[in-house]
Each structure stands twice: as C-alpha cells, then as structure tokens.
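Sequences listed follow chains A, B and C, in order.
Numbers in the working numbering are just positions in the first sequence, counted from 1, shifted up by 3.
Letter 197 of the second sequence, counting from 1, is numbered 194 in the working numbering, and no numbers are missing.
Numbers in the working numbering are just positions in the third sequence, counted from 1, shifted up by 401.
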Amino acid sequence: MTDRNPYLELKRISKRYGGIAALSEVDFSVYAGEIQAVLGENGAGKSTLIKIASGVTDPTEGEVLIEGRPVRFRNPTEAMRAGVVCVFQELSLLPELTVADNLSIVDPPKWGGMIDAGAQRDRARALLKRVGCEDVHPLELVRDLPLSRRQMVEIAKALGRDPRILILDEATSALTADDVERVYAIIRELKASGVGILYVSHRMREIEALADTATVFRNGRRIETFRKGDRSVDAIIEMMIGREVTHQYPDKPAPRPDAPVALKAANLSWGREIQDVSFDLKRGEIVGLGGLDGQGQRELLLGLFGVLKGVSGSIAVDGKPIALNGPRKAMRAPLPMALIPEDRKTEGLMLPMSVRDNMTLAALPRLLGRFGIDSDKENAAVNGMLERLRVKTPDLDAPVSALSGGNQQKVVLAKWLMTAPGIILLNDPTRGIDVGTKQEIYRLMRELANQGAAILFYSTDYAELIGCCDRVLVIYDGRIRRELAGEALNERNLLQSALNIDGAEKAA
Amino acid sequence: MSGGTMSNGRYWIAHNAGVLTAVVLFAVMFTLYVSNHSAGLTPAVATTAANKAVLLALVAMAQTLPVLTRGLDLSVGMVFVMTNCIASAIVVGSVGEGLLGVVAVLAIGALAGFVNGAIVVWGRLQPIITTLATGAVYYGIALFIRPSPGGDVQSDIADLLTGQLFGTVPAALVVLLGVVLVIWIPYRRSVLGRAAYAVGSNEQAAYMSGVPVQRAKLLAYTLAGLLAAVGGLMLTFNTYSGEASAPIAGAYTLNSIAAVVIGGTSLFGGWGSAIGSIFGAFVLRTIEDLLFVFDLPPLWQPLFQGVVLLVAVSLGAFRILRVRNRLELFT
Amino acid sequence: MTGVDTGATRGPSLAGRLGVDRSVAIAFGCILLILAAGALYSPAFLSPEYLLQQLQVGAFLGIIASGAMMVILLGHIDLSIPWVVTLGAMMATAMVGWGGAAGVWLCIPFGVLCGALVGTLNGFGVAYLRLPSMIFTLGMNAVVQGLMVLHTGGFAPQDQATRAMHFLAVQRSLFGIPNALFVWALVGLVVIYVLKRTAFGRAVYAVGNRESAAYLSGVSTNRVLIGCFAFSGAMAAFAGVLLAGYSNKAYQNMGDAYLLPAIAAVVLGGTNILGGRGNYLGTIAGVILITLLQSILSVMQMPEAGRQVIYGCVIILMLLIYGRGAKARS
C-alpha cells in the first residue's frame, strides 16, 4: 500500500521563460511505492516539471517539498542527495569517458583521496549486471556504445544513486523489446522496495502495463490525476489534446498507377544501414516509410538528399540519373528536392536568426535583384508563406527561437516551399509538435501531393502513416520488407511487418 | 565475460593511443638527432636539450588543463614571462630566501590562473578573449618589474636544477618528473580532475549529472597558472635574468597549443593528457635541434619549422576520411 | 491577417535585437567617455587635427578588423594576421623592383593578392581538412614568417614604398581628411553591403550560427568559409601595404601589434566570438574605441607596462558589461 503522504510534492509551481508560461500553478505529488505515469503532448510542460523536480532549474513561483519539508534544489546534485534521481531523455552521459567513469561520476569510490579505478570498475560491473548488460565492458567509452546500450547505462547510473524517487523521461525509446522487459522488471522491483516512480512516456501500452496512477498535463497545467483503469484511452487522449478526437486526416484520392515517376531508386546500399533498397516514387502520391525506429529510414532520407558518402546504387529524378553528392545537387535536380530534417533545432533552423532570414535561406537565388537581395521580393515571399502556413510570430524579425515548436516547424516547411520543390522528403516532421499544427501539416502534405509533388514521409507514429500515406514501405534492418497500400494498410499489418513477423514472410 | 587485466590493458592502449604516438615520434626524432650530433649522447648534450625542452613541456602541460575543459589559455606565455621577471627579482639571496621566493612565484602564477578561471566561470566570458586580455595585463606586470632585461637568481638552486644529477641525469628532467608525479597524476585521478574531462566532453550533461562544473574549471585554470609559473622559474634558473619579451611569450603560447595537439589532446575537450603534451613539446624542440644538426641554413629554419608545425597539426585531418555522414563534419 | 500574434512572447525577440544594438550603443558611449577623459587631461586631445590623426592610424586597424570580423562571424578565428600584414607590405614593396615598369602599378594589387592567397589556404584547411581554425592559422602564420625571413635574408628590407601607397596612407585629398579614412570607409561599405544585402552575407551568419542547418539548406558552406578567410587575408595584407606607405617601407614584425587589438575591436563591437551575431557598426565603434584608448594612454605618457594592464582591464570590464554568456541555470 502506498504511504499517503507524498515523498515529493510540488505546490503551486509556475515556470515562465520570458513571456511563455511552461507551467502554471501546478500541484503535483509523487508517493513512495507507487508508479505514476505522466502524459501529455510535447509542450504540455512535462519536461519542465521534471527539470524542476530533479533540480536542473528553479520554479518561477511555488514550492518543492521533500517529505513535507520545503526544499530548494540549487543544482541536480542536491536533488540527488534528497533522493530524487532522473533518467534524462537527452542522456546525461559523458561520451568521451568510460562506462565506469560515467557510472560513478559523482562520489566515486576513493583510495587515499584519489579515485579508486579498480573499485570503480567493480561497481560498474555490478550495476551493469543489474540492468542485464554484462556484455558492456566497464572501460568501454560511452561514445562507442550504440544508443540502446547507452540508455541502459543511463538507467544503471540512476539506479546506482539509490533513488527514493526515480524519474524516467522517455527512457525506453531506443531499447529492444527484451531490454524494455528488463526495465519493467527493475521498475516493479523498485516499487516493491518502496521507491516512487515517475514515468513519462508516449506509449500507451507501457503505461497500461506499469502505472498505478496517471496524470495528464496540457498547456502547462495539470488536468487530472486518476487511478489506472478509471479512464478510457479515448478520454485520456481527449484530456491531452483538449478537444474531441475528430477525423484528423485529409481524404486520400484514388490511386493513379499511371502517374509519372518522380524519383526512382535502384539498389541503394550504405554500410549496414541501407541494404539494396529499390522503389519508385510517383508524382502526386505520399509514400510512407514505416517500421521500428532505427531501421535505416532516416539514413535513407539523408542518402537520397546527398548527405551520405559512399552510397552505392542509383537514383533517377524525372527519368534522369543524378549524382548523390550533396544537398545542392539534390536541390538542382530536374525536379527540385527538399528535405525537412529530423532535428529542427540543429538541422533545420538557425535559432538566433530571424524568421525572415531562416525562411529565405534556401530560396535566396530566387530573391535577388540587380543589387543583391531584393527586399520587396523577399517580404512578399515571406508574408505569402506566413499567410499560407498560418505561422504565428510577433514579427518577421523576431528570432525563430521565440516561436513555439509547431511554428518553428512551419518556418522550416516554409523555407522549403519557397524553393517550389517537386520531391519532398520529410524526416519525422511532426515529432514534438502540438496536435493543431500536426493536422495543418497533414493537410499541407496532401495539398502539395494533389498539386503534383512526390512526397516521401517517415514517421514514428503508425496512425499518421496510415492516415496520410497512399502506401507505406516497411523497413526492417535496412531493407524494404513489405509494401502496404489500400485495405492492407492497417495497424496490425504495419506492426507485424515492422517486427518482421509477417504471416507470409517469416524472417530467414 | 569481461576479462581481467589483459583486456583492461587493451583498453588502456586504446585510450592512450595519442600519447603513445607522440612518445614514439619523439623517440624516433631524438634518436635521429643524437646519432647525427657530433658529440653523441653525452650528459652535457642531454642536459642542454633537456633544459630547453622542459621549458616548453611545462607551458604545454599548463595549456593542457584548460583545453581539457574545452577552453583555452592564451595567457600561458605571458604568465611564463611574468613569473620569470618576478623570479629574477625575488628568488635571490640565501637558499632559504630563495626557496621562499620560489613559493611566492608559484603562488603568483596560481593566482594569475585563478583570475583567468574566475572571469571564465563567474564572468561567463569566453576563454579565448578572456585570456587574450588577461595576457596583456600579465605582460604589463612583467614589463613593470623588468622594463629592461636584468635581475639575478639564487645561484645554488639554479645550478642544481639546471645541471645534472649523479653526473648523468639532467636535473630538469627530474623536475619535470616531479611535477608530473606531484601535480598531474594526483589531478588526473582526483574527482575535480576527472570533472574537467567531463566538462569538456559535454558540459550540459556534466551539470545534469551533478559534476562540480565551476570548481573543475577554476582548478584547471589555476593549475595552468601554477604550471606556467614552474616554467617561468626554470627559465630564470636557465638565463639568470628576467626579460619581459613579448615575442618569447607569444611563441611559447602558440607552441604550447601545437604541443598539446601533437600530444593527442583534443582541442574540443574531454580527451587527452598532459603527458602527451610533454612529448608533443619534446617533438617540437627536437625538430629545432634537428635542423641545427642537419646544417640547414639558418635562413631556412623558420620556414621549415613553420611547415612542420602546419603538417603536424594537419594530421588531425585524417578523421574526415572516416566520416560517412557529412553532417558529422560539422561540430 | 498575416498571422501576427500579438499575444506571443515579445521578451526574447526584443532582447535579441537589443542585444546587438545595446553593445554598439555602449561602445559608442565609452568612446564619448574616453574623449571626455582625454579632454580633461589635455584640451588638445579634442582638437580636430589630433582626432583626425588618430582616426588615420585607426583606419589601418579598421581594415584588419573588417577581415577579422568576417572570420569571427563564422565562429572561427584568423591568427595568421600578424605575418600576413607583413607579407602584404613586403610583397608590395618588393614588386616595385620585380615588376619593372609595370611594377609600380602592380604592387598594391600584388600585395593584396598574396594575402588573399594565404587566406584561401587557411580557408581550405578549415573547410576541407576540417581542422580547427585556431591551430591551422597559427601554423600558417609560422609558415608565412618563415617565407618572409627567407625573402629578406634576415636583414631589414630595403625596398621602398611607392608614391601610390604613400598617397593612400598618408596624404589628405578631400577637406583635409586623411585618404586612409576613405579607404577604410570604402572597405566598410563593401562589408556592410555584403553582410546586409547579399546571399553570401546571409550565408555567413547562417554558417556562423549553425553550419549543419546551413548545409542542409543548400548553402555552399565550404565556399563561404574560404571566401571569408580569403577576405581576411586580403584585408590584412592590404593594411600591411598601407602601413608600408605610412612608414615608407616594410619591416619585420610589423603585424604583431595588430592581432589582439583587431580581435578586441571586433568583440567589443558586439560581435559574438562564437559566431553568428554581430554587425559592422559595432566593429567601427570597437576600432575607434581601441584606437582612442591607445592614444589617450600615450598622451598620458603612460609607460608601456601600464598601457598593457589598462588595455587588458578595459577589455575585460567592457565584456563583463555586455558580453556575458547565459547562466547554466535558466
């Protein structure tokens, strides 16, 4: 049974960044021996909540209490000393240091005032064993580990701090199914020994499997806390997005098998990530890339855009072969190509620069007059895009960092639409975006396709793939395992193909 | 299962590849030098070479620490010269007084380093421009103490530390070894020393992990000043005078950066070792000596040295051959 | 309805814009302070003749700082400035003798071209070899030094500056304003135009802010890098040519005194040393500030020791006022 006095309590917490309120008057409690899930769209305030609870940042208003006593964490170390340990989404591991160093980065075992490397290695082995990662050597550098192993090391590190409250922020996103089960087991063990768990995830199934209670956040406010089973999935989603779940996806036109081929890929290979991939992308269609995370979908998009070195195979645009040696070449193809990249903050935008500068960067050659950049042309183009995409910004010269995630993504889209592309590659464009903007992006994609563009769309959200795409290529281990279209394009088939357990094609 | 000492050793070699390369490079070049030197490897030859090389080695060690934190100290050469001038004024008199003077000079060097660290940590200014400006201040102080070259130094201490021990081993090398054992090794294995690597590797992750970021940086810059002061003292013991020479200060600063790079330390932080920097400094010094031994016309020497420096730092370009995803080229 | 959301945050955007302008305003404010302090010390300080003389000397620094600024905007640094300055001077004066009859006309472009060549090599090392600019330009500086030692044979060079160089550097043609100032103004106008009005200028800011995003947007980042380094080399050499005109000949180490002041001028003018932010107006303010600072110190007959200390302290002080980074805890 849970102790009814919370171990960690946040009272009337507000957090403002400049003019934006990330959290508004939130009351939140975490109890020992209980697993609480935290749900909400990106931008709902979950990561801010975690940052405050784990001591990374201070609240603008409100109190944090540990066992009823008000505390102020001046840094993450103080939070850890109070028993609040967090497994961060962005990973707090040091890449150039060894696993052993990372696991004992604070308060390492010492001998004569200096770090005892041997004892540290032993401690590392014990922790690695606890998370089932005995194959990782303590002296291995974190940067040489694959992402899934790094996540397990991050969890091991948190366990090593003997938490009273463990916060897991999307801690299983890159893990294999086996590792996920192991993590569940660890979490249940901790719960049994009286540790309170805060679990942030987007995966409903995980929450159903683990959580005792769940709390939904929306727009920086706590909407409701309820015991598992008290609310239906639909009701939960409604709480998360704040309105009734409606038909979100634009209608799909009838398939046109005789449409001209915009992009023809033949036998593309790149290391182990892309293996002998061949497909056709026709004008007017939206083709999705499906499958589990990390099967080569992102690499495929980068490769098509010319960013990867040493891609073998060939690509023909509008019937003419092109060389894959850089984005400029791709943009100058017979049908101009565009890539909406994976991480808009580091690959899509220059955050300190203005909305105007960001939007016009790819299309500058079109905006030149006799004496350089023609500001009339430029303003007309930018204002046109602002209207068309309904971008919310204080003004054209505001730094793009001041915009919300959804509007930032719209600026990225606007940038590429200005180049009038014929082939559009999208790398998980709706990640971290609010629902309203997502729907606008779906509509935009269909609009562009109807106008003749060819769209290749990678998403980690199966519902999106099913709702938006005319057909989906399911990728597994760098190869196209199956193509799904029409009636066959449903969640069950997608999952089975993604896990390589199709009825028709068992894994070799 | 993870092995015992054997696989640990394999990892040790992998982690120290850069340092080992510098050591091998130095060994090869020094052998070349000695075999072509008219006198061969006599204690006198070794001592002269060591006295010169240890100076740069100490300044290179000083530079290593801020570089580990992904910073830079452009004032090391100035602290080197400043402590040289101060030493020429106060490390005088009896042996006891001289030793007191030594302690004072070391303290001043550490203070200069601490000021650098304080401005970087609490002032939140970038290290490059901070140390560029403080370098001017330290040079000014040097100039104030020694408007023109002069001064003196306690001769007993000086002779001891620039001569030979047991008639064979250059004392300068023993001093260097002492510095490594007393300062570098304990630092490397201390919590704050490892924290410096953590800060250079990923400062944000280090902060979130609870690493004492501020103290790590402060200590790194302070020790840099201290090590530069040791270098300044040795310079005084060698020249028996103090000179506020801007060209020398500048040359030592720049060569210290080159030595750090040749020694396998990454300018992006989180990776490297002061021992690598020592051998990087030795390599640089041996190049100069090699030019002399091979009778390269003096007029060609600066050009040759420059080209060698350029080629040495260009070796880092080999990493781009392994890059498969062009996005990795951008830091 | 163009999607302007008046309810959205104004804080960061205003501060963002003010951030750059604020530092420029402070820099100009400090210029006034120094002028006032100088006037207190000696009324002759404010005489137009004296000020023009200072600006004339400042023009050389200004030209070097223009080149340095372009590289710093990229997030890089050009440490080969000292010997490229000397290179420009020596090559230009030497060309007089090499080029025969045409030599007199060729010497200035030749000097600048030599600097541009070195700059291009720097750009190549940074763009294609992906070496840190600090260490590569350092090495290049040493190579150029070696070349110049070879060229002069270790002696002070005997070549004389041409009348044209002298004309540009020393003479006053219009309204008694030194020609050197017009030259600087011209360079400045070119830089302002490129940064504000051309695609290349936009690309410079883009690369300085986030090279990966610029690359993925189709910017030829390698060309931008090489272009800016070439410009920096050309400007350093050009300043060297003018300096040779000023003193009528070239001499060893003539560029050493310009590296730190050039970087300081750029940074004091509000350009972020990490790249991506800055405007030329600030660099102008920074150059004038540094020049006046150096002159007031010499008017006070402050010994070199004191000058260095004050110099360093002023830079730190000013940066503490407006050049600080963000706190770790937001």
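Using N, Cα and C, we set each Cβ at its ideal position, and we do this for glycine too.
Keep in mind the model is a prediction, meaning the values are calculated, not measured.
- For a cut-off of 8 angstroms, the C-beta gap from C/Leu661 to B/Ala133 is around 7 angstroms, short enough to register as a contact.
- DSSP places A/Ala269 within a strand segment (E or B) once states are collapsed to three.
- Along the length of the stretch 142 to 191 of chain B, whole alpha helix (DSSP H) runs at least 4 residues long occupy 152 to 159, 168 to 176, 182 to 185, reported in chain order.
- Here B/Leu281 is actually not in contact with C/Val544; their C-beta atoms are around 15 angstroms apart, not less than 8 angstroms.
- Residue-level contact by beta carbon fails for B/Ile284 and chain C, as no gap is shorter than 8 angstroms.
- Any Cβ of chain C closer than 8 angstroms to the Cβ of A/Ile376 would place that residue at the interface, and such an atom is present.
- Nearest neighbour of C/Ile627 by Cα position, chosen from C/Tyr712, C/Asp560, C/Val472, C/Ala495, turns out to be C/Val472.
- Note on the stretch 505 to 579 of chain C: whole alpha helix (DSSP H) runs with a minimum of 4 residues are 534 to 553, 564 to 571, in chain order.
- Beta-bridge analysis with DSSP links A/Ala217 to A/Ala40, A/Phe229.
- Assignment of beta-bridge partners to C/Leu698 by DSSP yields no partner.
- The stretch 501 to 517 of chain C makes no contact with the stretch 435 to 451 of chain C: fewer than 3 CB pairs, one atom from each, lie closer than 8 angstroms.
- Here A/Ile53 is not near A/Val67, since their CB atoms are 8 angstroms or more apart.
- Looking at the backbone, the Cα of C/Met470 and that of C/Val667 are separated by about 6 angstroms.
- Going by beta carbons, C/Ala631 and C/Gly476 fall outside the 8 angstroms limit.
- As DSSP reads the structure, A/Arg72 sits in a beta bridge with A/Ile69.
- Against chain C, the beta carbon of A/Asp360 has neighbours under 8 angstroms at Arg603, Tyr606, Ala607, listed in chain order.
- Of the residues B/Phe163, B/Gly313, B/Gly239, the one whose Cα lies closest to the Cα of B/Ser85 is B/Gly239.
- Look at A/Pro330 here: in three-state DSSP terms it is helix.
- When the Cα atoms are used, B/Ala36 and B/Leu288 turn out to be separated by approximately 16 angstroms.
- In terms of CA proximity to A/Arg259, A/Lys285 leads the group A/Leu487, A/Gln39, A/Lys285.
- Using beta-carbon distances, B/Met231 does not count as an interface residue toward chain A, since no partner is under 8 angstroms.
- At least one CB of chain B lies nearer than 8 angstroms to the CB of C/Pro533.
- Neighbours of B/Leu22 across chain C, judged by C-beta separation under 8 angstroms, do not exist; the nearest C-beta is about 17 angstroms away.
- Per the coordinates, the alpha-carbon of A/Arg7 lies some 23 angstroms from the alpha-carbon of A/Ala212.
- At a cut-off of 8 angstroms between beta-carbon atoms, B/Pro183 makes contact with chain A.
- Interface flag for C/Ser574 against chain A is unset, since no Cβ pair is found closer than 8 angstroms.
- Under the DSSP assignment, C/Tyr616 falls in the alpha helix (DSSP H) whose first and last residues are 612 to 617.
- The stretch 643 to 656 of chain C makes contact with the stretch 488 to 498 of chain C; the number of CB pairs closer than 8 angstroms reaches 3 or more.
- The Cβ atoms of B/Ala226 and B/Thr80 sit closer than 8 angstroms to each other.
- Nearest Cα to C/Phe568 within the set C/Phe429, C/Asn610, C/Gln457, C/Leu698: C/Gln457.
- Taking 8 angstroms as the threshold, the shortest C-beta distance from C/Asn680 to chain A does not fall below it.
- Boundaries for A/Ala35: no alpha helix (DSSP H) harbours it, and the DSSP string shows neither H nor E there.
- A Cβ-Cβ distance of about 6 angstroms is found for the pair A/Asp279 and A/Arg482, placing them in contact under the 8 angstroms criterion.
- Pairing A/Val145 with A/Val102 gives a Cβ-Cβ distance under 8 angstroms.
- With a threshold of 8 angstroms between beta carbons, C/Gly498 makes no contact with chain A.
- Within the same chain, Val477, Ile478, Tyr479, Ala501 come within 6 angstroms of A/Gly294 by CB-CB distance, once the 5 residues on both sides are set aside.
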